[in-house]
Amino acid sequence: MADKIEISVEKGLLEKTSANVLVVNLFEGVKIPAGATGAIDAALGGLISKFVIAKEGFDGKFGKTYLLPTHGKIAAEKVLVVGLGKNKDFTPNRIRELSAKVIKKCLKMGNAKKVISVLHGAGIGGYDPEVSARMIAEGTLIGGYSFDKYKSEKAPKKVEEFTIVDMSDENCKKAKAGIKKGKIIGTALNFARDLSNEQPAYATPTKLAEIAQGLKDVETKVYDIDEIEEMGMGAFLGVAKGSIQLPKFIHIKYKGANPKAVQKKIAIIGKGICFDSGGLDIKPPSSMLNMKDDMSGAAAILAVMNALKDLKPNCEVHGIIAACENMPGASAYKPGDILTAKNGKTIEIDNTDAEGRLTLADALCYACELGVDEVIDIATLTGACVVALGSTASGIMGNHQPTIDKLIKCANSGGEKMWQLPLFEEYADSLKSDIADMKNTGSRMGGAQIAGVFLQNFVKKVHWAHIDIAGTAYLDKPQHEFPKGATGAGVRTLINYIMM
Ligand code: BES
Ligand code: MN
Ligand code: ZN
Numbered sequence: 000m001a002d003k004i005e006i007s008v009e010k011g012l013l014e015k016t017s018a019n020v021l022v023v024n025l026f027e028g029v030k031i032p033a034g035a036t037g038a039i040d041a042a043l044g045g046l047i048s049k050f051v052i053a054k055e056g057f058d059g060k061f062g063k064t065y066l067l068p069t070h071g072k073i074a075a076e077k078v079l080v081v082g083l084g085k086n087k088d089f090t091p092n093r094i095r096e097l098s099a100k101v102i103k104k105c106l107k108m109g110n111a112k113k114v115i116s117v118l119h120g121a122g123i124g125g126y127d128p129e130v131s132a133r134m135i136a137e138g139t140l141i142g143g144y145s146f147d148k149y150k151s152e153k154a155p156k157k158v159e160e161f162t163i164v165d166m167s168d169e170n171c172k173k174a175k176a177g178i179k180k181g182k183i184i185g186t187a188l189n190f191a192r193d194l195s196n197e198q199p200a201y202a203t204p205t206k207l208a209e210i211a212q213g214l215k216d217v218e219t220k221v222y223d224i225d226e227i228e229e230m231g232m233g234a235f236l237g238v239a240k241g242s243i244q245l246p247k248f249i250h251i252k253y254k255g256a257n258p259k260a261v262q263k264k265i266a267i268i269g270k271g272i273c274f275d276s277g278g279l280d281i282k283p284p285s286s287m288l289n290m291k292d293d294m295s296g297a298a299a300i301l302a303v304m305n306a307l308k309d310l311k312p313n314c315e316v317h318g319i320i321a322a323c324e325n326m327p328g329a330s331a332y333k334p335g336d337i338l339t340a341k342n343g344k345t346i347e348i349d350n351t352d353a354e355g356r357l358t359l360a361d362a363l364c365y366a367c368e369l370g371v372d373e374v375i376d377i378a379t380l381t382g383a384c385v386v387a388l389g390s391t392a393s394g395i396m397g398n399h400q401p402t403i404d405k406l407i408k409c410a411n412s413g414g415e416k417m418w419q420l421p422l423f424e425e426y427a428d429s430l431k432s433d434i435a436d437m438k439n440t441g442s443r444m445g446g447a448q449i450a451g452v453f454l455q456n457f458v459k460k461v462h463w464a465h466i467d468i469a470g471t472a473y474l475d476k477p478q479h480e481f482p483k484g485a486t487g488a489g490v491r492t493l494i495n496y497i498m499m
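Residues 0 to 499 (numbering that gives the first Met the number 0) are what the sequence shown spells out, left to right.
Here it is as C-alpha cells:
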C-alpha cells in the first residue's frame, strides 16, 4: 500500500543527498535549466541541458519524464527529469497530478527504495512551499495506491522513502506542515477508494456500520431495522426490503475541537447503496457491473469523518448514511407501492431503480432535525448526470447559492471539478402522482435535476447542496492522477469545506 511509503522532508543539498532516484523538473521549452535543476545539470557536467534537452529533445511537456544515470557524479544514482508543462498552465493541482505520475514511474523501477525530490513550483515567484509539499504528498499517496487485496501477486512496493530535499530551513519547515496535511488528505482518499473498490459481499451495510463504530474521536449511533421503522423512515425501508442484508442507519457525530464555541454546524450525507441491482426494475448486465460503487458517497463520508481526528476543525460535523442494498428479493418493494418518508410525504414508486433518492429522502429529513446550518449530500445518484458531465465533473445543485459557490471553490482547489445544474421548479411537474404526493421518477430528460428537485421535498429550513458523483466516483479508464476504479470523489471537497 502507498500508505507504507514514508514521505518526509530533509534539509540538505540535492547533489549531496544519497538516493536511488532524484526527481528534478523542467518547464516546457526551457533549454538551460535554472534553480535546483540547474544545479544538478551543472554537477552532471551539463548532461541535462546538452544531452537530455539538446540531443534527446526532451521538451518539458507536462507529465513527460526522462531517466538518466549519474555515474557517481552526484550522490543519487539516477535522475528523473519531469516535465512541468507550460509555465502559464502550472497550478498546485498539476503538482499533485505530476507527483502521482512520478511515484507510479518509481514503483515500476527495479531499484528505487529511496526517492528524493525538489519542491515543484516553489522557487522564486512560485508557490508557497507548504502548498507544493502538500500536493506532492497527496499525489504520492494517490499515485502509489493500488487495490491488490485480492491479488495473489501484490503490486510492487519498492519505494520505501519519498523525501523532499531543500537547503532552506524555512522551506523545510513549511514543507513539513504541507506534508502533514497532504498525508491526511491522501490517506482519507485512499480510505474511501478501498471501500468503493471492495466487492459488494464485503462492503455490506453491516460492514459500513462496523467501520463507523470503529472511528475515533467521534460518537457513532447505528440504528437497526426496528429503530429505523420507529423513526418512520418508510422510504429507506422500502428500498431495503428486497435484500437479505439488513439496513443500517448510521449517524456519526464529531463535536468540534472546542464544542462550546463551534464555528458552524454541518451534516454530510452519503448515499450508501451497497449494491444497486435496480431491484425489480432490474438493470441490464452492463449497467449493473459497477454497482458495488453505489456506496461511494457513504465511503466519502466515512473517510472524511475518520480524518477529523487528525484535522481537528472547530465545527460540529454529522456524518449520515442510510445503508442498504437494492435487490429484487421476494419481499422487494414494487412499482406501484406507496412509501411514506420520515416527514410524512408519500411517494408512489414508479421505478425501483430510483432507490438512492428514497434512502436520501429519509436521511435528509433526519439531518434537517439536527439543528445544523448546512446539509450536504453526496451520491452516485443518476445516470443522467453521467450523460451530462461525464467522468470529468460532479453535478452540484441546491437551495443556497453561496453554499454551492463555496463547495465548487473547495472542489477546484482540491483537484475536483463540479458543475452546477439548475433546480427549476418545472422539473417537479413530471414527478406528479395521481394517488400520492409524488412519484420517485419522472421524465428521463433532465434526470439529474429531477432527482435534485425530488430531494428538495425533504429539505427543511437549512442551506442544502446535493452533489451527484455518479460519473466521477468510479473510472473506467485512467484520468489525471487516478487509475481505473474508485476515486474517492468528494473527499477532498468536503475536507476543504470543513476546514475553511
Ligand atoms: N446508482 C444509479 C445511478 C448511477 C448510474 C450511478 C450510473 C453510477 C453510474 C441510480 O440508483 C439509478 O439507477 N438511477 C437511475 C434512475 C432512473 C431509474 C430514473 C438512472 O439514472 O438510470
Ligand atoms: Mn438505481
Ligand atoms: Zn443507485
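Ideal Cβ placement from N, Cα and C applies to all residues, glycine included. Predicted model, so just to flag it, every value in this text is computed and none were measured.
With at least 16 other beta carbons inside 10 angstroms of its own, M437 counts as buried. In this structure, I267 lies away from I183, with their beta-carbon atoms at least 9 Å apart. Note on geometry: alpha-carbon atoms of Y473 and G142 lie some 16 Å from one another. For L422 against M396, the beta-carbon gap comes to about 5 Å, under 8 Å, which counts as contact. Collapsing the DSSP output to three states places L369 in coil. Distances from the alpha-carbon of T139 to those of K112, I102, V114 put I102 closest. Nearest in C-alpha terms to A321, of all of A392, E315, P204, is P204. Inclusion of K270 in the 8 Å shell around the ligand ZN follows from its C-beta lying nearer than that to a non-hydrogen atom of the ligand.
Remark: fewer than three beta-carbon pairs, one from each stretch, lie closer than 8 Å, so the segment 276-296 and the segment 254-262 are not flagged as touching. Sequence-distant Cβ neighbours of A208 in its own chain, meaning closer than 8 Å and more than five residues away, are V221, K247, I249, A322. Beta-bridge annotation (DSSP): C323 is paired with I272.
For I337, the pairing in a beta bridge is given by DSSP as E347. The beta carbons of W463 and V374 sit closer together than 9 Å. Proximity to S412 across I227, K3, D361, S131 peaks at S131, based on C-alpha coordinates. Going down the chain, each residue whose beta-carbon is closer than 5 Å to a heavy atom of the ligand BES shows up: D275, D293, N350, D352, A353, G355, T379, T381, G382, T440, A469.
Under the three-state reduction of DSSP output, I4 falls in the coil class, being neither helix nor strand. With fewer than 16 other CB atoms across the displayed protein chains lying within 10 angstroms of its CB, H70 is exposed. Distance from the Cα of T16 is smallest, within the candidate group S48, K77, A353, for K77. By the neighbour-count criterion, in which 16 or more other beta carbons inside 10 Å mark a residue as buried, S295 falls on the buried side. Here I39 really is in contact with E14; their C-beta atoms are around 6 Å apart, less than 8 Å. Annotated three-state conformation of Y426 is helix, per DSSP.
Put simply, the segment 122-130 does not touch the segment 432-447. Fewer than three CB pairs are less than 8 Å apart. In the DSSP assignment, T219 falls outside any alpha helix (DSSP H) and lies within the beta strand (DSSP E) extending over 218-222. With distances taken between CA atoms, N495 lies nearest to L406 out of L406, C314, A331. Per DSSP, reduced to three states, the secondary structure at P401 is helical. Close CB contacts of K311 within its chain, under the 7 Å cut and outside five residues either way in sequence, are with A256 (chain order).
Separation of V20 and N92 (C-alpha to C-alpha, rounded to the nearest whole angstrom) is 23 Å. In the structure shown, S116 falls within a strand segment according to DSSP collapsed to helix, strand and coil.
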